[in-house]
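These notes concern the structure reproduced below.
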Amino acid sequence: GGGLAVRDVVVRYGDASRAGKRGGTTAVDGVSLDVADGEVLALLGPSGCGKSSLLRAVAGLEPVAAGRVLLDGADLAGVPVHRRGFGLMFQEGQLFPHRDVGRNVAYGLQAARVPRAEQEERVRELLDVVGLAGYARRAVVTLSGGERQRVALARALAPRPRLLLLDEPLSALDRGLRERLAVDVRDVLHETGTTAVFVTHDHDEAFTVADRVAVMSAGRLLQVAPPEELWRSP
Ligand code: ADP
Ligand code: ADP
Numbered sequence: 015g016g017g018l019a020v021r022d023v024v025v026r027y028g029d030a031s032r033a034g035k036r037g038g039t040t041a042v043d044g045v046s047l048d049v050a051d052g053e054v055l056a057l058l059g060p061s062g063c064g065k066s067s068l069l070r071a072v073a074g075l076e077p078v079a080a081g082r083v084l085l086d087g088a089d090l091a092g093v094p095v096h097r098r099g100f101g102l103m104f105q106e107g108q109l110f111p112h113r114d115v116g117r118n119v120a121y122g123l124q125a126a127r128v129p130r131a132e133q134e135e136r137v138r139e140l141l142d143v144v145g146l147a148g149y150a151r152r153a154v155v156t157l158s159g160g161e162r163q164r165v166a167l168a169r170a171l172a173p174r175p176r177l178l179l180l181d182e183p184l185s186a187l188d189r190g191l192r193e194r195l196a197v198d199v200r201d202v203l204h205e206t207g208t209t210a211v212f213v214t215h216d217h218d219e220a221f222t223v224a225d226r227v228a229v230m231s232a233g234r235l236l237q238v239a240p241p242e243e244l245w246r247s248p
């Protein structure tokens, strides 16, 4: 079957020969998980447990010290970030402040040399999906924090990424807004049929956005289950 497969992945920082001791950190300590096509998986756990390191390793931004990352059965070892066809979304500060909203959303389409008319149609379509119809000419500086993250989501989705990787995309926003946006993000991902891994330290957020939740602690995976089953687990 298609999808992402993570197999016994280890991510280390510092002196690998001294990992776990002075001088080295094993951030991800042998994690395996699968994300099926069209599935949204939340990676949940406390700060410092290795969520971001695992996501970055999947993206190709961090080297994998051991184990494998496969997409549709193909090993991604040696495949650079920009060749993986993944969309990335981070906490904040990802928009180009000097470009208007439309040009921000069109960024990945320009890079892929999508014809201009198609870019314009896609930008309009995506802004509509994220609830910002009519915002194409707005300057980034005039947007609220929540609106900026909606634009960032539209931009990440515009090239129809094979896999979308979101690293605490709502964590810089205040609580009420976060709850509303979590619902919207879930709807947008399902509406677009996007396969995604969503990193968060917030239980409610994980339970809202995800089809399944993977719980991490100290570099390891504790369990992976749909939200309703996770509640019942010991
Ligand atoms: P989380 O995303 O769950 O907060 P991280 O993956 O960011 O966790 O961090 C996991 C561990 O790896 C932490 O101990 C953190 O301090 C360490 N770490 C993360 N990034 C680096 C880095 N670039 N250099 C050294 N240590 C790092
Ligand atoms: P740049 O000068 O940075 O290359 P362009 O003016 O060429 O930017 O626009 C980049 C892309 O952004 C174009 O493909 C265009 O279709 C899209 N775009 C810009 N503004 C809008 C808008 N108001 N509505 C829809 N698409 C837009």
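In terms of UniProt numbering, the sequence shown opens at residue 15 and continues consecutively. We put the CB at the ideal spot given by N, CA and C, even for glycine.
In the structure shown, what three-state DSSP assignment does residue i receive?
i: Val213; result: strand
i: Val119; result: helix
i: Gly28; result: strand
i: Asp51; result: coil
i: Leu90; result: coil
i: Ala186; result: coil
i: residue 11; result: Past the edges of the chain, shown from 15 to 248, lies residue 11, and the structure says nothing about it.
i: residue 14; result: No information on residue 14 is available, as it lies outside the stretch 15 to 248 that the chain covers here.
For residue i, which residues does DSSP report across the bridge?
i: Gln237; result: Val229
i: Asp114; result: Ala153
i: Asp43; result: Val24
i: Val83; result: Val20
i: Asp181; result: Val213
Would you call residue i buried or exposed, if buried means 16 or more other Cβ atoms sit within 10 Å of its Cβ?
i: Leu177; result: buried
i: Ser231; result: exposed
i: Leu187; result: buried
i: Glu219; result: buried
i: Val155; result: exposed
i: Gln237; result: exposed
i: Ala56; result: buried
If distances are taken between C-alpha atoms only, which option among the options comes closest to residue i?
i: Ala88; options: Leu55, Arg70 and Arg21; result: Arg21
i: Glu182; options: Pro175, Arg174, Leu167 and Ala172; result: Leu167
i: Arg138; options: Gly64, Val83 and Val165; result: Val165
i: Leu18; options: Gly52, Gln163 and Asp86; result: Asp86
i: residue 270; options: Pro94, Leu57 and Leu58; result: Nothing about residue 270 can be read from this structure; the chain reaches only from 15 to 248.
i: Leu140; options: Val115, Arg97 and Gly99; result: Val115
i: Arg174; options: Arg70, Glu53 and Thr208; result: Thr208
i: Thr40; options: Arg127, Arg98, Leu58 and Gly28; result: Gly28
i: Leu244; options: Val227, Leu235, Arg234 and Gly233; result: Val227
i: Pro111; options: Ser185, Val197 and Leu157; result: Leu157
i: Arg151; options: Leu171, Ala126, Pro129 and Val119; result: Val119
i: Gly38; options: Gly59, Ala126 and Ala79; result: Ala79
i: Ala170; options: Glu193, Gly190 and Ala125; result: Ala125
i: Gly233; options: Gly16, Cys63, Gly52 and Leu58; result: Cys63
What distance in whole Å lies between the Cβ atoms of residue j and residue i, which are believed to be in contact at a cut-off of 8 Å?
i: Val72; j: Val211; result: 7 Å
i: Leu195; j: Gly160; result: 6 Å
i: His215; j: Ser66; result: In fact, because the Cβ distance is near 10 Å, the residues do not count as touching under 8 Å.
i: Thr206; j: Val143; result: 7 Å
i: Arg136; j: Leu123; result: 6 Å
i: Leu180; j: Phe100; result: No, Leu180 and Phe100 are not in contact; Cβ-Cβ is about 11 Å, not under 8 Å.
i: Gln105; j: Ser185; result: 5 Å
Check whether the Cβ of residue i lies closer than 7 Å to any heavy atom of ligand 4, and answer yes or no.
i: Val20; result: No copy of ligand 4 appears in this structure; the ligands present are ligand 1 and ligand 2.
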